[in-house]
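**Q** Mind the numbering: the sequence shown is residues 1 to 204 in the numbering used here, read in order.
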Amino acid sequence: MKDKARILFIGDSITEWGKNEDPEGLGIGYVRIIHDYLKTAFPSKNLEIINKGIGGNRATDLQDRWEKDVLALTPDYVSVSIGINDVWRQLDNPDMVQVYPDQFEEILTGLLEKTNAQLILMEPTVIEEDVNSEGNQKLIPYVEIVRKLANKFGAILVPTHQDFIDYLKSGTTYKLTTDGVHMNSAGNMLMARSWLQACESLLK
Numbered sequence: 001m002k003d004k005a006r007i008l009f010i011g012d013s014i015t016e017w018g019k020n021e022d023p024e025g026l027g028i029g030y031v032r033i034i035h036d037y038l039k040t041a042f043p044s045k046n047l048e049i050i051n052k053g054i055g056g057n058r059a060t061d062l063q064d065r066w067e068k069d070v071l072a073l074t075p076d077y078v079s080v081s082i083g084i085n086d087v088w089r090q091l092d093n094p095d096m097v098q099v100y101p102d103q104f105e106e107i108l109t110g111l112l113e114k115t116n117a118q119l120i121l122m123e124p125t126v127i128e129e130d131v132n133s134e135g136n137q138k139l140i141p142y143v144e145i146v147r148k149l150a151n152k153f154g155a156i157l158v159p160t161h162q163d164f165i166d167y168l169k170s171g172t173t174y175k176l177t178t179d180g181v182h183m184n185s186a187g188n189m190l191m192a193r194s195w196l197q198a199c200e201s202l203l204k
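1) Whose C-beta lies closer than 7 Å to the C-beta of A117 among residues of the same chain, with five residues either side of it excluded?
2) Alpha carbons only, please: which of L119, T173 and N136 is nearest the one belonging to N151?
3) So, are the CB atoms of T160 and T115 less than 7 Å apart?
4) Any beta carbon of chain B sitting closer than 7 Å to that of G29?
5) State whether the region 56 to 66 contacts the region 4 to 15, with contact taken as three or more CB pairs (one from each stretch) at a distance under 8 Å.
6) Reducing DSSP to helix, strand and coil, say where R6 ends up.
7) Quick one: what does DSSP say G25 is sitting in, helix, strand or coil?
8) Need the endpoints of the beta strand (DSSP E) that W47 sits in, please.
9) Once you ignore the five residues that flank G127 on each side, which residues in its own chain have a CB closer than 7 Å to its CB?
10) Any idea which residues DSSP pairs I156 with across the strands?
11) In chain order, what residues of the same chain have a beta carbon less than 7 Å from the beta carbon of V99, not counting five sequence neighbours either side?
12) Here's the rule: buried if 16 or more other CB atoms are within 10 angstroms of the residue's CB, otherwise exposed. What is N51?
13) Considering only residues of the same chain and omitting the five flanking positions on each side of N46, which have a CB-CB separation below 7 Å?
14) Do I54 and E24 have their C-beta atoms within less than 7 Å of each other?
15) According to DSSP, what are the bridge partners of V97?
16) Straight-line CA distance for Y30 to K39?
17) When you compare only the Cα positions, how much space is there between F164 and L73?
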């Protein structure tokens with residue numbers, strides 16, 4: 001990672017997590033863990049971490065604010081975590097206009113095409129801590145789209161969904177979320193670990 005680098009995280013409430021109450025604007029979630037790790041592991045590097053998560057966001061919301069919240073800030077690295085609400089709204093608010101996989105892919109493709117930065121794409125995590133939940137089944141095509149776009153754009157893929165599924169399949173009963181979607185401290189640690197491991201080549 002360059003000695004002077006701006007790393008921007010954008011996403012929904014999982015990324016936002018406490019940002020608005022934090023004087024540093026980082027929150028208490030996975031972005032904070034990544035920030036603290038990078039700051040202590042590489043104290044000589046001038047790293048700026050920006051959290052642009054907003055609760056409830058779907059791909060359409062990122063599209064509306066990409067120019068102001070990403071491009072205008074000229075980041076060196078852009079980490080994108082989106083997709084949970086695109087699926088969750090299909091379950092908890094089926095009467096609203098939905099973002100289905102084809103539109104999700106079209107929007108993300110357009111955003112990534114205009115972004116001159118090292119892209120880091122995080123798979124959407126989980127909806128309920130049950131591998132076979134309806135939400136996790138509906139997430140599959142969105143996860144596959146993120147993987148496809150990571151390959152297409154030469155982005156670093158953070159296998160967050162796969163790491164959560166592997167954890168759930170381990171048989172442990174220790175929870176990672178507060179409500180099936182929003183992370184507790186363990187869930188945030190898993191996300192941060194997944195990100196740091198995927199981005200290991202950047203950190204040298």
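Using N, Cα and C, we set each Cβ at its ideal position, and we do this for glycine too.
**A** Taking the coordinates as given:
1) P75, D76, Y77 and V78
2) L119
3) no
4) Reference to chain B is not applicable here, since this structure consists of a single protein chain.
5) yes
6) strand
7) coil
8) The question names Trp, but residue 47 in the sequence shown is Leu. Run containing L47: N46 to G53, per the beta strand (DSSP E) assignment.
9) Checking the displayed sequence, the identity of residue 127 turns out to be Ile instead of Gly. I84, V87, W88, S133, G135, N136, L139, G180 and V181.
10) I120
11) R58, A59, T60 and D86
12) buried
13) D3 and K4
14) no
15) Answer is none; V97 lacks a bridge partner.
16) 14 Å
17) 31 Å
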